[in-house]
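Numbering (the UniProt record's numbering), first residue to last: 1 to 100.
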């Protein structure tokens with residue numbers, strides 16, 4: 001299997017560090033490789049709606065070589081693909097998620 005990950009559930013959101021105040025949308029993802037659960041940032045407004053439970057997602061690093069980025073504490077990864085389709089393509093309605 002690819003280095004894909006299995007989406008498990010939604011985080012209600014991670015609060016941004018001071019002085020910012022926002023709730024950053026994140027997904028709880030279980031790694032297929034070793035079973036660990038990590039938090040991955042879901043970019044763009046409303047992209048969390050394209051991810052369902054038990055979807056296979058591809059995650060990528062989020063910058064800074066293993067450190068948290070910006071005002072999101074403890075989040076080191078971002079979601080790139082869902083069920084083999086780019087999250088950006090789904091967001092821009094260029095492609096549809098395959099039925100499974």
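Every residue, glycine too, gets a C-beta built ideally from N, C-alpha and C.
Distances from the CA of residue 31 to each of 97, 84, 59, 81 were compared; the closest alpha carbon is that of 59. Per DSSP, reduced to three states, the secondary structure at residue 95 is coil, with no helix or strand assignment. DSSP links residue 22 through a beta bridge to no other residue.
With a cutoff of 8 Å on beta-carbon distance, residue 72 and residue 28 are scored as not near each other. Collapsing the DSSP output to three states places residue 16 in coil. For residue 76, the secondary structure class from DSSP, reduced to helix, strand or coil, is coil.
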